[in-house]
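So the sequence shown is numbered by the UniProt record's numbering: it starts at 1 and just counts up by one. Virtual Cβ for every residue (Gly too), placed ideally from N, Cα, C. First the structure, in the form of structure tokens, and then the observations on it.
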Amino acid sequence: MKILWIIIIMADNLLPLLLARFYPNYKHKEMALSVLGSRQSPVKWIYNVWCIISGVVFCIAPYALYQENDSGWAIAIWMLLAIYGIGCEIISGVCPLNENRQDEDIITKIHGGTSAIGFMALLVVPLLFAILQFQTTKVVLGAISLVCFTIAFIFFCFFIMGEKEKFANTVLRYGGLWQRLVLISCYIPLFVWSVSNQ
């Protein structure tokens with residue numbers, strides 16, 4: 001299960017780089033990952049099917065963490081990752097957004113709402129993971145997780161601020177970049193734990 005999780009974590013970050021090559025005018029720094037799965041995307045089927053597969057793994061794989069750490073923290077992390085897997089991955093794959101913001105329909109609203117909830121759930125995971133690792137005296141992994149949470153939170157603030165009109169002409173406008181950096185920061189503790197526990 002840990003090996004599968006490692007593959008999913010790596011592919012979640014590498015697959016968009018590959019698919020974007022087949023999406024003319026797609027800009028990584030400015031566009032969210034969900035745009036790759038939008039109804040106007042030429043790679044929507046590949047990306048959305050992948051999101052569903054990834055989401056299922058994120059709902060199941062944390063069981064390995066629970067097996068190793070039979071505690072309330074492990075259960076909380078599992079629940080948060082399941083919320084992320086369902087909201088940001090599975091529902092996003094089933095309900096692709098409409099890239100045209102002027103023509104927002106119910107499916108796009110469901111996509112936006114569940115993605116926001118899932119994204120917020122994932123953001124908390126490195127913090128709880130740090131607490132869990134410190135409790136089990138794994139200080140190095142706990143420190144890595146805490147640093148990743150801090151960095152992820154900063155990038156998340158940049159992501160939110162970039163949505164505001166007054167920051168439209170600043171570096172904060174690169175929402176796609178900040179989203180990717182939040183995901184990478186949140187994934188790192190899970191990846192390190194999975195690799196170190198093989």
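Any idea what DSSP makes of residue i, helix, strand or coil?
{"i": "His28", "result": "coil"}
{"i": "Val43", "result": "coil"}
{"i": "Tyr84", "result": "helix"}
{"i": "Tyr63", "result": "helix"}
{"i": "Pro96", "result": "coil"}
{"i": "Glu68", "result": "helix"}
{"i": "Ser38", "result": "coil"}
{"i": "Glu104", "result": "coil"}
Can you name the start and end residues of the alpha helix (DSSP H) that residue i belongs to?
{"i": "Lys164", "result": "From DSSP, Lys164 is part of no alpha helix (DSSP H); its letter is neither H nor E."}
{"i": "residue 238", "result": "Shown here, the chain extends from 1 to 198; a query on residue 238 therefore has no answer."}
Beta carbon of residue i, beta carbon of residue j: below 8 Å?
{"i": "Gly162", "j": "Leu172", "result": "yes"}
{"i": "Val124", "j": "Phe159", "result": "no"}
{"i": "Ser194", "j": "Trp5", "result": "yes"}
{"i": "Tyr66", "j": "Ile75", "result": "yes"}
{"i": "Asn48", "j": "Gly55", "result": "no"}
{"i": "Asn69", "j": "Thr136", "result": "yes"}
{"i": "Leu97", "j": "Ser34", "result": "yes"}
{"i": "Ser115", "j": "Gly87", "result": "yes"}
{"i": "Ile77", "j": "Leu14", "result": "no"}
{"i": "Cys51", "j": "Gly112", "result": "no"}
{"i": "Gly85", "j": "Phe119", "result": "no"}
How many whole angstroms separate the CB atoms of residue i and residue j, which I take to be in contact at a CB cut-off of 8 Å?
{"i": "Pro126", "j": "Phe149", "result": "4 Å"}
{"i": "Val43", "j": "Leu19", "result": "4 Å"}
{"i": "Ile117", "j": "Ile83", "result": "7 Å"}
{"i": "Met10", "j": "Gly176", "result": "That belief does not hold up - the Cβ atoms of Met10 and Gly176 are roughly 19 Å apart, past 8 Å."}
{"i": "Val192", "j": "Leu132", "result": "Actually they are not in contact, since the Cβ atoms of Val192 and Leu132 sit about 13 Å apart, beyond 8 Å."}
{"i": "Ala64", "j": "Lys2", "result": "5 Å"}
{"i": "Ile144", "j": "Ser185", "result": "Wrong, their Cβ atoms sit about 11 Å apart, outside the cutoff."}
(message) Extract the residue ranges of the alpha helix (DSSP H) inside the stretch 129-191, only unbroken runs of 4 or more that lie entirely within it.
(response) 139-161
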